[in-house]
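Adding 980 to a residue's 1-based position in the sequence shown gives its number in the numbering used here.
This report refers to the structure that appears directly beneath it.
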Amino acid sequence: MPSIQFISHSNEETIRLGEEIGRALVAGDILALRGDLGAGKTTFIRGVAQGLRLNGADVRSPTFTLMNVYEKPGRLTLYHFDLYRLDQPQQVLALDYEEYFYGKGVCAVEWAQKLGPLTPTRCLEIEFAHRQENEREIKIALNSPEEMQKFIAKAWPGKCPDCRHCAAAKI
Ligand SMILES: Nc1ncnc2c1ncn2[C@@H]1O[C@H](COP(=O)(O)OP(=O)(O)OP(=O)(O)O)[C@@H](O)[C@H]1O
Ligand SMILES: [Mg+2]
């Protein structure tokens, strides 16, 4: 899978990256986020919400439910799943998850590895690694070089084909 890698040095940088990604999203896009506790997934989704012109400050991990919905005043509805407490992938079936995954909004799924066999085949895989206190490595992968190139051109318009993102993605 082709991927691009970023280093974030602060909350704000992670939010900004999320915002750049959020601006490029279209209906039906799914973000599958992985990474340890405190790696920055929710912080990133705050930026994604802003990129969709939703209120980033509203974004917090669903605690007593598996999903939060943010729908106003955005460009698209954002379904925010946090599957940390999920024991069996089949439990998401009870959420009617297909309605959200294959619907008209955008999904961001924290702890996406818990989906197991229910993981959608086409999604943006975003992996977070805790490097230092305020430093995070964020890796974004898509299924094919063509899709990656299209996405990069949309997220960072005018910077291709020589920008650092393209260079990092080796496309
Ligand atoms: N560069 C950075 N990017 C993101 N968060 C950072 C960064 N540096 C420090 N932090 C801190 O790390 C924490 C990230 O928390 P966040 O809730 O986003 O993580 P998470 O991956 O969603 O965790 P969880 O799995 O518990 O939901 C916050 O306290 C934030 O202030
Ligand atoms: Mg979180």
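Glycine included, C-beta positions come from ideal geometry on N, C-alpha and C.
Can you give the Cα-Cα distance for residue i and residue j, rounded to whole angstroms?
i, j, result
"ILE1125", "ILE984", "In the sequence on display, residue 1125 carries Pro and not Ile. Rounded to the nearest angstrom, the two C-alpha atoms are 11 Å apart."
"GLY1002", "LEU1032", "5 Å"
"ASP1076", "LEU1046", "12 Å"
"LYS1134", "GLN1071", "35 Å"
"ASN991", "THR1023", "7 Å"
"LYS1052", "LEU1034", "6 Å"
"ILE1151", "THR1099", "At ILE1151, the pLDDT of 44 sits below 50, so the modelled position is not reliable; the number obtained from the coordinates is stated separately. ILE1151 and THR1099: Cα-Cα distance of roughly 26 Å."
"PRO1069", "ARG1040", "22 Å"
"LEU1111", "PRO982", "Note that residue 1111 corresponds to Arg in the displayed sequence, not to Leu. Cα to Cα, the separation comes out at about 22 Å."
Are there 16 or more other CB atoms within 10 angstroms of the CB of residue i, so buried, or fewer, so exposed?
i, result
"GLY1018", "exposed"
"ARG1026", "buried"
"PRO1141", "Caution is warranted here: a pLDDT of 49 is assigned to PRO1141, below 50, making its placement in the model unreliable, and the coordinate value is therefore given only provisionally. Exposed is the call here."
"THR994", "buried"
"ASP1009", "buried"
Near residue i, what residues of its chain come up, given a Cβ to Cβ distance below 6 Å and the 5 sequence neighbours on each side ignored?
i, result
"GLN1030", "GLU999, GLY1036"
"ALA1012", "VAL1089, ALA1092, CYS1103, GLU1105"
"ARG1055", "LEU1032, ARG1033"
"ASP1038", "TYR1050"
"ALA1121", "MET981, SER983, GLU1105"
"ASN1048", "PRO1042, HIS1060"
"LEU1005", "VAL1086"
Leaving aside the five residues before and after residue i along the sequence, list all residues of the same chain whose C-beta is less than 7 Å from its C-beta, in chain order.
i, result
"TYR1080", "TYR1059, CYS1087"
Tell me whether residue i counts as near ligand 1, meaning its Cβ is closer than 8 Å to at least one heavy atom of that ligand.
i, result
"SER983", "no"
"ASN1114", "yes"
"GLU1000", "no"
"GLU1090", "yes"
"ASN1048", "no"
"ASN991", "yes"
If you drop the 5 nearest sequence neighbours on each side, which residues of the same chain put their C-beta closer than 8 Å to that of residue i?
i, result
"GLU1113", "none"
"GLU1115", "ILE987, SER988, HIS989"
"LEU1063", "LEU1046, VAL1072, VAL1089, GLU1090, TRP1091, ALA1092, LYS1094, LEU1095"
"ARG996", "GLY1027"
Any heavy atom of ligand 2 inside 8 Å of the beta-carbon of residue i?
i, result
"THR1022", "yes"
"ASP1009", "no"
Q | alpha helix (DSSP H) runs wholly inside the segment 1055 to 1119, at least 4 long, in chain order | A | 1077 to 1081
(Q) Which runs of the alpha helix (DSSP H) at least 4 residues long sit entirely within the segment 1010 to 1056? Give them in chain order. (A) 1021 to 1031
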